[in-house]
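Chemist: Take the sequence shown: its position 80, counted from the start at 1, is 99 in my numbering, and no numbers get skipped.
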Amino acid sequence: MVKRCWLVLVVLLAHSALCSAKPPKAAPSAETNAYSAWKTAAVRALLERADPHSLVTAAMLSSNDGPDLAARASELAPDSTPIAWVRLRLCAVTAGCDFRDAATAMRWVDADNPAAWLPTLAVAQKEKDTVEIDRVLLDMALAKHFDLYANPIAVLMFDTLKAASNELPRNYAVTDACRLALAM
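1) Considering only C-alpha positions, which residue in the set Ala96, Ile102, Asn132 is nearest to Ala78?
2) So what's Thr113 in DSSP terms, helix, strand or just coil?
3) Expressed to the nearest angstrom, what Euclidean distance is found between the alpha-carbon atoms of Cys116 and Gly85?
4) Would you tell me roughly how many angstroms separate the C-alpha atoms of Glu67 and Ala134, rounded to the nearest one?
5) Could you tell me the alpha carbon to alpha carbon distance between Asn132 and Thr149, rounded to whole angstroms?
6) Counting along the chain, where does the alpha helix (DSSP H) carrying Trp57 start and finish?
7) Check the C-beta distance from Leu187 over to Ala61 and give it rounded, since I have them as a contact under 8 Å.
8) My output table needs one value for Asn170: the three-state DSSP class, helix, strand or coil.
9) Which word fits Lys58, buried or exposed, when buried means at least 16 other C-beta atoms lie within 10 angstroms of its C-beta?
10) What separation, rounded to the nearest whole angstrom, lies between the Cα atoms of Val155 and Ala122?
11) When you compare the CB positions of Thr51 and Leu180, do they come within less than 9 Å of one another, or not?
12) Out of curiosity, what's the CA-to-CA distance linking Ala111 and Val142?
13) If you follow the alpha helix (DSSP H) that Ser73 is in, where does it begin and where does it stop?
14) If you count every other CB in all the chains shown that lies within 10 Å of the CB of Trp136, and 16 or more means buried, which is it?
15) Give me the Cβ distance between Trp104 and Leu167, rounded to the nearest whole Å; I'm assuming they're in contact under 8 Å.
16) Leaving aside the five residues before and after Leu109 along the sequence, list all residues of the same chain whose C-beta is less than 7 Å from its C-beta, in chain order.
17) Excluding the 5 residues preceding and the 5 following Ala92 in the sequence, name in chain order all residues of the same chain whose CB lies nearer than 6 Å to its CB.
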């Protein structure tokens with residue numbers, strides 16, 4: 020059984036390596052421009068769907084509007100922990116985005132998960148505020164679990180890209196393996 024699982028994983032990885040699902044890593048080129056154009060068109064198509072999963076998937080693909088789109092998705096699905104986490108992470112990594120509302124929302128939907136404190140900890144470390152660092156670490160240490168929701172977010176994004184496949188441009192995310200590679 021384990022051997023078969025490894026074989027499936029190897030085949031999946033080999034197939035996803037052949038997909039054009041991941042952004043190119045080289046300097047700007049025709050492939051980079053094609054991927055960027057696909058992302059822009061995909062975000063537009065997902066915005067037209069206007070459901071929370073489409074909005075948060077668009078947020079993850081968006082270069083500029085990620086935090087705003089994730090906030091809209093969070094308003095539509097206020098009890099969704101994966102959406103709340105995406106909202107918090109996108110805001111935390113976007114310059115000028117005040118993550119406090121997103122962190123509060125995250126703590127509301129999953130009060131036992133100290134991951135919501137990571138942006139606060141990062142700010143305290145940047146400001147060298149040892150009192151705040153100690154306070155946040157103590158709160159985090161007392162938590163029952165720690166989850167970054169990687170699997171639920173990948174499933175959400177995969178399912179959304181698959182559901183919207185007829186509306187998305189054809190040059191990326193055209194097979195399940197490619198959608199999975201993009202979601203990962």
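Ideal Cβ positions, reconstructed from N, Cα and C, are used throughout, including at glycine.
Modeler: If we stick to the structure as given:
1) Ile102
2) coil
3) 11 Å
4) 31 Å
5) 22 Å
6) 49–68
7) 5 Å
8) helix
9) buried
10) 13 Å
11) no
12) 10 Å
13) 71–80
14) buried
15) 7 Å
16) Ala78, Gly85, Pro86, Ala89
17) Pro71, Leu74, Val75, Ile102
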